[in-house]
Amino acid sequence: MRLLLVGTSHRLAPVEVRERVALDPDGEAALARRLGEGGEAVCLSTCNRTELYLAAADTDAAGERATAELADLGGIPRAELEPYLYRLEQEAAAAHLFRVAAGLDSLIPGEGEIQGQVRSAYERGAVGPLLDRLFRHALHTGKRVRSETAIGESPASVASAAAALAAQVFGDLAGRRILVIGAGKIGELAARNLVKRGAELSFVANRTFDRASSLAERFGGSALPLESVEQELAQADIVVSSTSAREQILAREQVERALPARKGRPLLLVDLAVPRDLDPGIRELHGCFLYDIDDLQAVVEETLSGRRGEAALAEAIVAREGGRFREWLASLDSVPAIASLRERAEAIRRGELAKASGRLSDLSEGERHAVESLTNQIVNKLLHQPIMRLKEAGLGEEDERGAPQGRLEG
Amino acid sequence: MRTWRELPASVRKVSMAELLVWPALLAYGEAAVAYAGNVRNPRLHYGRLATWGVRLGWLAQTALLGFQAVGADGFPWSTWAGSLNLFVWLVVGAYLIWGCSPRYRLLGLGVMPLAAALLAVSYAAGGTTEAEGAAWGDVLLLLHIGLVLVSFAGFTVAGGLAALELWQERELKSHPAGLLRHRLPSLVALDRLTVTTVAVSLAALTAGIVPGLARLPERGLDVLIAGTVVLWVLGASVLYLRVRAGRRELAAVLALGGVGTVIVLQLGLLFAHVA
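Top to bottom, those sequences are chains A and B. Following the numbering used here, the numbering of the first sequence begins with 1 at its first residue and continues without gaps. Following the numbering used here, the numbering of the second sequence begins with 1001 at its first residue and continues without gaps.
What follows is the structure in structure tokens.
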């Protein structure tokens, strides 16, 4: 069995091609079953890539089948699809999957979602010994990269930057109250990130009350008319504003009036709107931390450059794990030779014991057991060095591997 | 050549003190250097080295204090140098509560060089031997010294926490892009710890002042007592401003002022002993 990868990703194909060869979870499972007949197959499909991992005796035939399946799936003539496809074999395919699982091949280096997507693809795949080992190792590598480097620690989007800043101010966000001004998508995304970290969406204020109610209902909060925002400032810990209003929504004086009732509790205000909803003068108030879209964007930029720095460390981990997998892959080639050697040695041992059975008939059960054990030990010790040599030879060049196998089997 | 037992008792005592003070000094110094290294390059394992330096140094100093307590005929920390030794041990002990957390390593950068320097001063001034001090039977004096030193240590750590809180506040206000890179404790956590530490220190100071009052008629009022009262007022103001008035920043500034007062009081003690 040899390992083969056929796929396409954001590095090679535009979104128009990627979206046509994308698979939903059921499609991934069905294609893996079809391609896995007589071998093994896992289909990994995300918004950035569709990759088919195959283990087959004949990689040329398997590659042809995989390409044909992708062309059928996208309804794209094969000749048009092929320039967007890559094809990797053996350790190159494994190293690629390790980089993917570590988030190093993602649009945003170190993004965490890919680890779960690789796991799901593996669980839906038609796996056998080779792909099982490959995917387990890839998931282990992804986990190592995330725990031993800071590549995935910092926020990579404006919404997650807002959540990270909230954590920097409040620590644990459990029980912290969010006031959302504007019921648009951006505000909702930022609020969702905060809620994921334990905060509660308490109030949603919007010019259209119905839209405020709809968003508030989804998060278990209450809707407010825009005019009542000031009254709730004393209760809120985090204010997220993202209206499309042309005029300012919250003035410095309004926030200042709410401060005495807050008893020194910090207030984080996140202004995601352009033009800005919140008076920039708010940032001069004691205990008020105001961030606008440019501030958050700067945090994200810095984070991404930090992630790129961490990527070098992550690449080193991936290279080490890739090396370990390569060793295992190479050792597979020597398995039949080792098995044949062991069988032959065992046959000789049993044959010699059978020949001597007449002379050993007077032995007690315990003495018989001792002889069995002794002959086993002798055989194991004699085989140790040739087996080690075979394994070492397995790590060498392809053409060098055939020689020792042939010699020992003959 | 004489054996250890054949050496005079005074030589044996000094040697044992040296045997314990040097590891403590070296470990504290190593921790201080490692904390500095950790700030320059957080990726290397300096932080872990620093934490082990703090732990081992504190254990060595604990053994030193134990040896002093057993070896001395009286309370060995009633002298200025001796009290400085005990003060360092209390400060590092208080810091150890948070010192193992990577997020508080910047606090270590402030605490450990100070601890190493003060222990060195105490050693040079003879505070690490079994110098005779007040009698063990003078319970009021021992309580007074012990509790006041506990409060001094607490105010010192609270000052460090307050400095970190004010720095964190400034960073959050000024929006540097690398804000999240420092991995400091959250503002709210620093605020809570500062206030808690000040509350505990104030309680210890109050409890330490009471036995001191019993000695007031024979000693009379002096600058040191006035300084202690100033420290008490500062601590009480921190609690009032934070808990009742909701003035977090001003409370942190006053907590920082507490360290200044402790330094002045320590210097005052030095001059009082020299005089």
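Heads up, the beta-carbon is just placed ideally off N, CA and C, and yes, glycines get one too.
Please say whether residue j and residue i have beta carbons closer to each other than 9 Å?
i: residue 1077 of chain B; j: residue 1064 of chain B; result: no
i: residue 1115 of chain B; j: residue 1060 of chain B; result: no
i: residue 1265 of chain B; j: residue 1231 of chain B; result: yes
i: residue 1119 of chain B; j: residue 1088 of chain B; result: yes
i: residue 298 of chain A; j: residue 110 of chain A; result: no
i: residue 1036 of chain B; j: residue 1107 of chain B; result: no
i: residue 159 of chain A; j: residue 192 of chain A; result: yes
i: residue 69 of chain A; j: residue 44 of chain A; result: no
i: residue 127 of chain A; j: residue 36 of chain A; result: yes
i: residue 59 of chain A; j: residue 81 of chain A; result: no
i: residue 124 of chain A; j: residue 42 of chain A; result: yes
i: residue 1200 of chain B; j: residue 1154 of chain B; result: yes
i: residue 1197 of chain B; j: residue 1158 of chain B; result: yes
i: residue 50 of chain A; j: residue 106 of chain A; result: no
i: residue 73 of chain A; j: residue 63 of chain A; result: no
i: residue 86 of chain A; j: residue 6 of chain A; result: yes
i: residue 224 of chain A; j: residue 251 of chain A; result: no
i: residue 238 of chain A; j: residue 179 of chain A; result: yes
i: residue 383 of chain A; j: residue 332 of chain A; result: no
i: residue 276 of chain A; j: residue 108 of chain A; result: no
i: residue 187 of chain A; j: residue 245 of chain A; result: no
i: residue 1147 of chain B; j: residue 1215 of chain B; result: no
i: residue 427 of chain A; j: residue 173 of chain A; result: Nothing about residue 427 of chain A can be reported from this structure: the residues present for chain A run from 1 to 410 only.
i: residue 1190 of chain B; j: residue 1172 of chain B; result: no
i: residue 326 of chain A; j: residue 102 of chain A; result: no
i: residue 1017 of chain B; j: residue 1128 of chain B; result: yes
Could you spell out where the alpha helix (DSSP H) holding residue i opens and where it closes?
i: residue 225 of chain A; result: That residue, residue 225 of chain A, is in no alpha helix (DSSP H); its beta strand (DSSP E) goes 222–225.
i: residue 161 of chain A; result: 158–170
i: residue 16 of chain A; result: 15–18
i: residue 1194 of chain B; result: 1187–1214
i: residue 33 of chain A; result: 25–35
i: residue 1116 of chain B; result: 1105–1124
Would you list the residues sitting across from residue i in a DSSP beta bridge?
i: residue 147 of chain A; result: Residue 147 of chain A is not bridged to any residue.
i: residue 291 of chain A; result: A/270
i: residue 41 of chain A; result: A/54 and A/126
i: residue 1233 of chain B; result: Answer is none; residue 1233 of chain B lacks a bridge partner.
i: residue 177 of chain A; result: A/200
The beta strand (DSSP E) spanning residue i covers which residue range?
i: residue 54 of chain A; result: 49–56
i: residue 282 of chain A; result: Here residue 282 of chain A belongs to no beta strand (DSSP E), and DSSP marks it neither H nor E.
i: residue 7 of chain A; result: 2–9
i: residue 1148 of chain B; result: Segment 1139–1174 is the alpha helix (DSSP H) holding residue 1148 of chain B; no beta strand (DSSP E) there.
Taking only the alpha-carbon atoms, compute the straight-line gap between residue i and residue j and give it to the nearest angstrom.
i: residue 385 of chain A; j: residue 391 of chain A; result: 10 Å
i: residue 258 of chain A; j: residue 155 of chain A; result: 31 Å
i: residue 150 of chain A; j: residue 1251 of chain B; result: 35 Å
i: residue 1071 of chain B; j: residue 165 of chain A; result: 54 Å
i: residue 90 of chain A; j: residue 84 of chain A; result: 20 Å
i: residue 399 of chain A; j: residue 1179 of chain B; result: With a pLDDT of 40 at residue 399 of chain A, under the threshold of 50, the modelled position of this residue cannot be trusted, and the question is left open.
i: residue 416 of chain A; j: residue 1105 of chain B; result: This structure cannot settle anything about residue 416 of chain A, because the visible part of chain A is limited to 1 through 410.
i: residue 1052 of chain B; j: residue 1103 of chain B; result: 16 Å
i: residue 356 of chain A; j: residue 367 of chain A; result: 14 Å
i: residue 227 of chain A; j: residue 1096 of chain B; result: 50 Å
i: residue 12 of chain A; j: residue 1184 of chain B; result: 41 Å
i: residue 242 of chain A; j: residue 220 of chain A; result: 20 Å
i: residue 1240 of chain B; j: residue 170 of chain A; result: 22 Å
i: residue 142 of chain A; j: residue 1 of chain A; result: 25 Å
i: residue 1079 of chain B; j: residue 1228 of chain B; result: 17 Å
i: residue 1261 of chain B; j: residue 1237 of chain B; result: 14 Å
i: residue 410 of chain A; j: residue 335 of chain A; result: Confidence at residue 410 of chain A is low in this model, with a pLDDT of 31, below 50, so its placement is unreliable and the value that follows should be read with caution. Whole-angstrom Cα-Cα distance: 16 Å.
i: residue 1233 of chain B; j: residue 253 of chain A; result: 34 Å
i: residue 288 of chain A; j: residue 1248 of chain B; result: 12 Å
i: residue 113 of chain A; j: residue 147 of chain A; result: 15 Å
i: residue 138 of chain A; j: residue 153 of chain A; result: 20 Å
i: residue 163 of chain A; j: residue 1049 of chain B; result: 32 Å
Is residue i close to the ligand SAM? I mean its beta-carbon at under 8 Å from any heavy atom of the ligand.
i: residue 1250 of chain B; result: Looking at this structure, you won't find the ligand SAM or any other ligand, since it has none at all.
Segments of 3+ residues assigned as beta strand (DSSP E) that fall wholly inside the stretch 193–258 of chain A: 200–206, 222–225 and 238–241
Every unbroken beta strand (DSSP E) within the stretch 47–135 of chain A, with a cutoff of 3 residues, ordered by chain: 49–56 and 86–89
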